[in-house]
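Mapping the sequence shown onto full-length UniProt numbering, position 104 (from 1) lands on 104, and the numbers just tick up by one.
In what follows, a single structure is set out as structure tokens and then discussed.
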Amino acid sequence: MEKIRQYFNDIIKNEKDVSAGMAAIPETVQELRGCLQDAIDAMRSTETPVTAIASGSELFLRFITLATLDTPVRILWYLDSFFCSFLKLDLFFKFLFCTAIVYFEFTYYRTLNQSFAECKGIMLDRGKIFYEKLVAARGKVAKVAEHFITDGSTILTHSKSRVVLQAMKEAAANNKIFEVYVTSSSPDNIGEEMFRSLTKLGISCTMILDSAVGYVMEQVDMVMVGAEGVAESGGVINKIGTYTMAICAKEMKKPFYVLTESFKFARIYPLNQVDLPNEFKYTSSTLSNDLKKEHPLVDYTPPHYISLLFTDLGILTPSAVSDELIKLYL
Numbered sequence: 001m002e003k004i005r006q007y008f009n010d011i012i013k014n015e016k017d018v019s020a021g022m023a024a025i026p027e028t029v030q031e032l033r034g035c036l037q038d039a040i041d042a043m044r045s046t047e048t049p050v051t052a053i054a055s056g057s058e059l060f061l062r063f064i065t066l067a068t069l070d071t072p073v074r075i076l077w078y079l080d081s082f083f084c085s086f087l088k089l090d091l092f093f094k095f096l097f098c099t100a101i102v103y104f105e106f107t108y109y110r111t112l113n114q115s116f117a118e119c120k121g122i123m124l125d126r127g128k129i130f131y132e133k134l135v136a137a138r139g140k141v142a143k144v145a146e147h148f149i150t151d152g153s154t155i156l157t158h159s160k161s162r163v164v165l166q167a168m169k170e171a172a173a174n175n176k177i178f179e180v181y182v183t184s185s186s187p188d189n190i191g192e193e194m195f196r197s198l199t200k201l202g203i204s205c206t207m208i209l210d211s212a213v214g215y216v217m218e219q220v221d222m223v224m225v226g227a228e229g230v231a232e233s234g235g236v237i238n239k240i241g242t243y244t245m246a247i248c249a250k251e252m253k254k255p256f257y258v259l260t261e262s263f264k265f266a267r268i269y270p271l272n273q274v275d276l277p278n279e280f281k282y283t284s285s286t287l288s289n290d291l292k293k294e295h296p297l298v299d300y301t302p303p304h305y306i307s308l309l310f311t312d313l314g315i316l317t318p319s320a321v322s323d324e325l326i327k328l329y330l
């Protein structure tokens, strides 16, 4: 807070043509970014994997930053109702947005400016566009990927991916008959949830051990996995075991497809497993331990093992990811 006060006083002192009301605007924006960054740091310290938190929150900050260029006023509290349904997409956004909303309510009465109506209109328009794109993202990915699931095909998947589940649900709804192998996905065995979800949809599926990937690979037509993050290189960060599965698929010449939303595109460029940030690989409670004795939760699959990425931006080759990242952050 002291830095904010100093920044505000410097503007008043050095910019003679700027009123106190207008001087509060850049001060407010700076404090907003600080509040949001504190929220992001708090989420990074939880037991939740931070890969999607890092990429999603960075995109949100970009959204806020560019929005402030349109009008010299901070965002209003009305974003509360607008974001409430979007929060169902990913839990980590809830904390981030709620922090922003509390901040907006706190600062609303601090500075009055005749541009409030203009700001509200601009931010509402931006917010609706942002919201609609993110809500529709999973459905778009599923519809694109569903066309690659053909009658009589056999698919191998790993862990539990909501977007992969949605794609298979779409295919089943279109009366396609196919079979799925699901890995148990240790250490949390989340693959069992995927198995139960597919069974409820009436999709024929078989649970297999993680170590049986090589055994069943010759029987499948394709591999479909989700992603916790996508690197600039087009490589994928996902549940531990994904890299092993990709190597097997490459060796047996099976297509390896990744289904993911574009908000998981992260501005990182790991070259190998060691190069992947530790905060991505371990929970915050284990970072202070001897990591040589800890089991990583995710691994990195290099781009040359990936056939295609199905995203809400379209079907991409791994090499096209960097171009899309540039567009997202322009």
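Don't be surprised by glycine CBs; every beta carbon is placed ideally from N, CA and C.
In the three-state reduction of the DSSP assignment, V220 falls in the coil class.
Approximately 5 Å separates the beta-carbon atoms of V144 and F310; this is inside 8 Å, confirming the contact.
Residues of the same chain with a CB within less than 6 Å of the CB of L156, apart from the 5 flanking positions on each side, are Y181, V220 and V223 in chain order. Judged by beta-carbon spacing, G191 lies beyond the 8 Å limit of S197, meaning their Cβ atoms are not closer than that value.
Inter-residue distance for D299 and I240 is about 5 Å (C-alpha atoms, whole angstroms).
DSSP places N278 inside the alpha helix (DSSP H), whose first and last residues are N278 to K281. Using a C-beta cut-off of 8 Å, the stretch 231-245 makes no contact with the stretch 169-181, since fewer than three inter-stretch Cβ pairs fall below that distance. Positions of the beta strand (DSSP E) runs, each at least 3 residues long and wholly inside the stretch 244-289, are given as 256-259 in order along the chain. Here E132 is exposed, its C-beta having fewer than 16 other C-beta atoms within 10 Å.
Distance between F195 and G214, taken at the CA atoms: about 19 Å. The stretch 153-171 makes contact with the stretch 252-267: 3 or more CB pairs, one atom from each, lie closer than 8 Å. In this structure, the CA atom of L325 is about 7 Å from the CA atom of F265.
Using a 10 angstroms sphere on the CB of H295, the tally of other CB atoms stays under 16, which defines it as exposed. For the pair V321 and V230, the CB atoms are nearer than the 8 Å cut-off.
In the structure shown, K239 adopts extended strand secondary structure according to DSSP, grouped into three states.
Short of 7 Å from the beta carbon of Y282, and not among the five residues preceding or following it, lie these beta carbons of its own chain, in chain order: L291, E294, P296 and L297.
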